[in-house]
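J.:
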Amino acid sequence: MSEGTAVTSGDAIENLLSEARTFAPPAEFVAQANFSDEAIFAEAAADPEAWWARWAARLDWMTPFETVLDNSDAPFAKWFTGGELNVSQNCLDRHVAKGHGSRVAYHWEGEDGERRSYTYDDLLDLTERFANVLLGLGVQKGDRVAIFMPMIIELPAAMLACTRIGAAHSIVFGGFASSALAERINDADCKVVITADGGWRRGKQVRLKELTDEALLSTPTIEHCVVVQRLGDQLDHPLGWVEGRDKWWHELMADAAPHADPTPMASEDLLYLLYTSGTTAKPKGLMHTTGGYLTGIVASMEMVFDAKPLTDVYWCAADIGWVTGHSYIVYGPLALGMTSVLYEGAPDWPAQDRNWEIVERYGVTILYTAPTAIRAFIKWGDHLPAAHDLSSLRLLGSVGEPINPEAWMWYHRVIGGERCPIVDTWWQTETGHHMIAPMPGITHTKPGSATHAIPGIDAAVVDEAGEPVPNGHGGLLVIRQPWPGMARGIWGEGGRERYQHTYWSKWPHLYFAGDGAKLDSDGYLWLLGRVDDVMNVSGHRISTMEVESALVEHESVAEAAVVGMLDELTGEAIAAFVTLNDEGSDGRDEAAVRAALLEHVAERIGKFARPRLLVFTQGLPKTRSGKIMRRLLKDIAEGRAIGDTQTLQDAAVVEQLQATVNALRA
Ligand code: PRX
């Protein structure tokens, strides 16, 4: 397989499954590993509740839990009921109380080169003060707070302050458009929004406050907008300000009392909402709760990342706006008292070796990033990492999309110096924490395979009937037993039914993840991508429906169909097939319409959702019953030979489309 080939094409799947290379955990790693005895797999499987209860006991509980798992309202499992705890207390106070207050929580680095280290003392101080600010703004236990911020220290502090007073946060990734922010704020009836005057991305200012102002034109529940001054004097655009509603973070903080007691939260109290794309145009606000979520995160940090709080410098190079950042930049590392790197910007700014410079500067020991980034690093050249001392690294992680074997091998060889185990972690916004991943001191890895479910997780590959497939066969990935970090449902009216329908209706007793998977002849799991209408672009989930509905909203569009197509760098890219209205078609400037449509999608969803390929067509290929044949569009977008078109209403449409795509590519 060539470098950068994504894994979902037919050939690639065959190649994957004949992948014969295996890598035993290096002896030196095993000698220091948190877990090196494979007996723990059997131990956890024999009594999963006892297993997870042992992990839960690692947390500080204000009131001990009585029941480990209550699944009487399946699939709405409850974990550690009767117990009370506070997440910010677990992430901050308890480390400080043990004398670790001066340990660095985050080495923060701004994209513009600004650097600052924040200790656990510092972060606790920010959190307590901001908790008082929120209380002063009228935020109460159970309220929702929207967060639309760059990767600055105030972001984890704001999250922790919410949990300190029992409010739930709803973070919206800073790359989203104002309408996407408004939609999420309205779905959750958020009371307060926290943003910044801007942030840096590839040397440009991200206009977060401007986007927030636009969103707040249609969000009746927002009472206050708190604005962190990130850019200050450097701001290159006017800053809108609504008196009474808008308040500077630093001014509020200057007046805030320094101490705020952590509120006891029931184990099943809401910790946060995080919106993710499903198969409809409306994003789902997944609900994560307190005790089980934190338990699962802590367990996976120790098992999969082999976390060693006293000696590691850990860097998850994701954005806090996605679940990876929630779990593995904020809650996981802080719950363990780790020292992490928090980097604001892009990996290629000001130069393409920025990540390696950061690894060298802080002596990063654990690096967690996405295959899309790894493929970009490969493209940028081996000389960049070679120019830096990466010898501090001891473990490498991958997340968000299938990693192709060649990218895995490059990561292993060039970044890991052939001494670092690679943990390819499969999980989802819905699962809260790692589910399928190697145990780095135990598992013999294969490049491109996420290997096996972690101890305590019961995953299987099943056929349409829900029966496990034998080794060597493919099917759908399911989880058979409840796990502590699982989402507890979807927020809002009808959310209960929507949750049940989306994940638990194919087979009522199995969680259906939406991913295809195969077991190889040794029983290793290979993830093969989504089987539904969800695309995965650079590890980010976008539904085809979301992009379609943005397109058809535009006045010049009559019909649109969107599919994901293989992309060497981003895994998948978005391809849109659009039929324009007849009205105004005389003398229409297609290039201008194309540009307008791309811009429209960026404005409705965000720049990351802009189609890579946009094809105008007189008609879309449909079955005789009128269903758009997406698989065919995918073949066309990927330049594959088209099979039987017998069932089509109009086979000529297909030929025409192929010719148009070829012409666009030429
Ligand atoms: O298709 C799988 C893919 O990403 C989806 C989950 O996306 P999201 O909720 O945004 O969470 C991403 C970060 C956890 C999954 O359904 N996915 C995630 N990790 C992997 C993966 N596909 C293959 N291998 C992975 N390691």
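According to our numbering, the stretch in the sequence shown is residues 538 to 1203, in order.
Note that beta-carbon positions come from the ideal geometry of N, C-alpha and C, so glycine has one too.
Quick check on this structure: which residue in Ala1128, Cys699, Tyr905 and Ile708 has the alpha carbon closest to the alpha carbon of Trp963?
T.: Residue 963 sits at position 426 when you count from the first residue of the sequence shown. Looking at the Cα atoms, Tyr905 is the closest of the given residues.
J.: Do you know offhand how far Cys957's Cα is from Thr902's?
T.: For this step, residue 957 is matched to residue 420 along the sequence shown. For this step, residue 902 is matched to residue 365 along the sequence shown. Cα to Cα, Cys957 sits roughly 10 Å from Thr902.
J.: With 16 other CB atoms within 10 Å as the buried threshold, where does Lys1164 fall?
T.: Residue numbering aside, residue 1164 sits at position 627 when the sequence shown is read from its first letter. It counts as exposed.
J.: If you measure from each CB to the nearest heavy atom of the ligand PRX and keep those under 7 Å, what residues do you get, in chain order?
T.: Thr813, Trp859, Val860, Thr861, Ser935, Val936, Gly937, Glu938, Pro939, Ile940, Asp961, Thr962, Trp963, Trp964, Gln965, Thr966, Glu967, Ala987, Ala1050, Gly1051, Asp1052, Leu1064, Gly1066, Arg1067, Asn1073, Gly1076, His1077 and Arg1078
J.: Taking all protein chains shown into account, do 16 or more other C-beta atoms lie within 10 angstroms of the C-beta of Val779, making it buried, or fewer, making it exposed?
T.: The residue you call residue 779 lines up with position 242 of the sequence shown. The residue is exposed, with fewer than 16 neighbouring Cβ atoms inside 10 Å.
J.: What residue range is occupied by the uninterrupted alpha helix (DSSP H) comprising Val1006?
T.: Here residue 1006 refers to the residue found at position 469 of the sequence shown. Where Val1006 is concerned, there is no enclosing alpha helix (DSSP H), given that its DSSP letter is neither H nor E.
J.: Going by alpha carbons, who is nearest to Ile1016 out of Ile1027, Gly1053 and Glu580?
T.: The residue given as residue 1016 occupies position 479 in the sequence shown. Nearest of Ile1027, Gly1053 and Glu580 to Ile1016, Cα basis: Gly1053.
J.: Can you grab the Cα-Cα spacing for the pair Gly1124 / Val1115, in whole Å?
T.: Your numbering for residue 1124 matches position 587 in the sequence shown. Your numbering for residue 1115 matches position 578 in the sequence shown. So the alpha carbons of these two residues sit roughly 18 Å apart.
J.: Compute the Euclidean distance between the alpha carbons of Gly1143 and Val1084, then round it to the nearest angstrom.
T.: Translated into positions along the sequence shown, residue 1143 becomes position 606. Translated into positions along the sequence shown, residue 1084 becomes position 547. Approximately 10 Å between the Cα atoms of the pair.
J.: For the segment 727-744 and the segment 762-774, state whether three or more C-beta atom pairs, one from each stretch, are separated by less than 8 Å.
T.: yes
J.: Going along the chain, which residues of its own chain have a beta-carbon closer than 6 Å to the beta-carbon of Trp1044, five neighbours each way excluded?
T.: Within the sequence shown, numbered from 1, the residue matching residue 1044 stands at position 507. The residues are Gly1003.
J.: Check this for me: beta carbons of Trp785 and Glu881, under 9 Å apart or not?
T.: Position 248 of the sequence shown, counted from the first residue, corresponds to residue 785. Position 344 of the sequence shown, counted from the first residue, corresponds to residue 881. Not in contact: Trp785 and Glu881 (Cβ atoms no closer than 9 Å).
J.: Would you check if the segment 594-611 and the segment 998-1014 touch, i.e. whether three or more CB-CB distances between them fall below 8 Å?
T.: Counting Cβ pairs under 8 Å, fewer than three are found: no touch.
J.: So who's on the other strand from Ile1165, going by DSSP bridges?
T.: The sequence position of residue 1165 within the sequence shown is 628, counting from 1. Bridge partners of Ile1165: Lys1159.
J.: Given a threshold of 16 other Cβ atoms within 10 Å of its Cβ, counted over all protein chains shown, does His981 qualify as buried or as exposed?
T.: By 1-based counting over the sequence shown, the position of residue 981 is 444. Exposed: under 16 other Cβ atoms inside 10 Å.
J.: Indicate the three-state DSSP secondary structure (helix, strand or coil) for Leu823 in the structure shown.
T.: Against the sequence shown, residue 823 aligns to sequence position 286. Reduced to three states, the DSSP call for Leu823 is strand.
J.: Taking Asp843 as the reference, give the member of Val936, Pro977 and Phe617 with the closest Cα.
T.: Looking up residue 843 in the sequence shown gives position 306. For Asp843, the nearest C-alpha among the options comes from Pro977.
J.: Under a three-way DSSP split, which group does Ser935 fall into?
T.: Taking the sequence shown and counting its residues from 1, one reaches residue 935 at position 398. Assigned with DSSP and collapsed to three states, Ser935 falls in strand.
J.: By the three-class DSSP mapping on this structure, what secondary structure does Ala1132 have?
T.: Counting from 1 along the sequence shown, the entry for residue 1132 is found at position 595. Helix at Ala1132.
J.: In chain order, what are the residue ranges of uninterrupted beta strand (DSSP E) at least 3 long that sit wholly in the segment 947-1030?
T.: 959-962, 996-999 and 1011-1016
J.: Between Lys821 and Gly829, is the Cβ-Cβ spacing less than 9 Å?
T.: Walking along the sequence shown from the start, residue 821 turns up at place 284. Walking along the sequence shown from the start, residue 829 turns up at place 292. No; because the gap between Cβ atoms is not below 9 Å, this pair is not in contact.
J.: With DSSP collapsed to three states, give me the class of Ser654.
T.: One-based indexing of the sequence shown puts residue 654 at position 117. In this structure, Ser654 counts as strand in the three-state DSSP scheme.
J.: In terms of residues, what are the limits of the alpha helix (DSSP H) holding Asp750?
T.: For the purposes of this step, residue 750 is identified with residue 213 of the sequence shown, where counting begins at 1. Residues Leu745 to Ala752.
J.: At which residue ranges does the segment 850-875 contain complete beta strand (DSSP E) runs of 3 or more residues, listed in the order of the chain?
T.: 850-853
J.: Whose CA, out of Asp1070, Thr604, Leu768 and Gln1193, lies closest to the CA of Ala590?
T.: The residue you call residue 590 lines up with position 53 of the sequence shown. Checked all of Asp1070, Thr604, Leu768 and Gln1193; the closest Cα to Ala590 is Thr604.
J.: Would you please state the rounded distance, in angstroms, between the beta carbons of Asp1057 and Asn1008? I believe it to be under 8 Å.
T.: Position 520 of the sequence shown holds residue 1057. Position 471 of the sequence shown holds residue 1008. Sure, about 7 Å apart at Cβ, within 8 Å.
J.: For Ser625, which of helix, strand or coil comes out of DSSP?
T.: In the sequence shown, residue 625 corresponds to position 88, counting from 1. Residue state, collapsed to three classes: helix.
J.: By the DSSP assignment, the beta strand (DSSP E) with Ile702 in it spans what residues?
T.: For the purposes of this step, residue 702 is taken as residue 165 along the sequence shown, with counting starting at 1. Note, Ile702: premise wrong, no beta strand (DSSP E); alpha helix (DSSP H) at Glu691 to Ile702.
J.: Hey, quick one: how far does the beta strand (DSSP E) through Met1102 stretch, first residue to last?
T.: As a first step, residue 1102 is located in the sequence shown; it is residue number 565 there, counting from the start. That run of the beta strand (DSSP E) goes Val1094 to Asp1104.
J.: What do you reckon, are the CB atoms on Lys615 and Thr800 nearer than 9 Å?
T.: Residue numbering aside, residue 615 sits at position 78 when the sequence shown is read from its first letter. Residue numbering aside, residue 800 sits at position 263 when the sequence shown is read from its first letter. No; because the gap between Cβ atoms is not below 9 Å, this pair is not in contact.
J.: Under 8 Å: do the segment 1026-1036 and the segment 1075-1090 share three or more Cβ pairs, one atom per stretch?
T.: no
J.: Compare the beta carbon distance of Gly620 and Ala872 with 9 Å and say whether it is the shorter of the two.
T.: For the purposes of this step, residue 620 is taken as the residue at position 83 of the sequence shown. For the purposes of this step, residue 872 is taken as the residue at position 335 of the sequence shown. No. Outside cutoff.
J.: Cβ of Tyr643 within 8 Å of any heavy atom in the ligand FAD?
T.: Among the ligands present in this structure, namely the ligand PRX, the ligand FAD is not found.
J.: His497 by DSSP, collapsed to three states: which one?
T.: Shown here, the chain extends from 538 to 1203; a query on residue 497 therefore has no answer.
J.: Give me the DSSP bridge partner(s) of Phe1114.
T.: The residue given as residue 1114 occupies position 577 in the sequence shown. The partner list for Phe1114 (beta bridge, DSSP) reads Ala1098 and Val1152.
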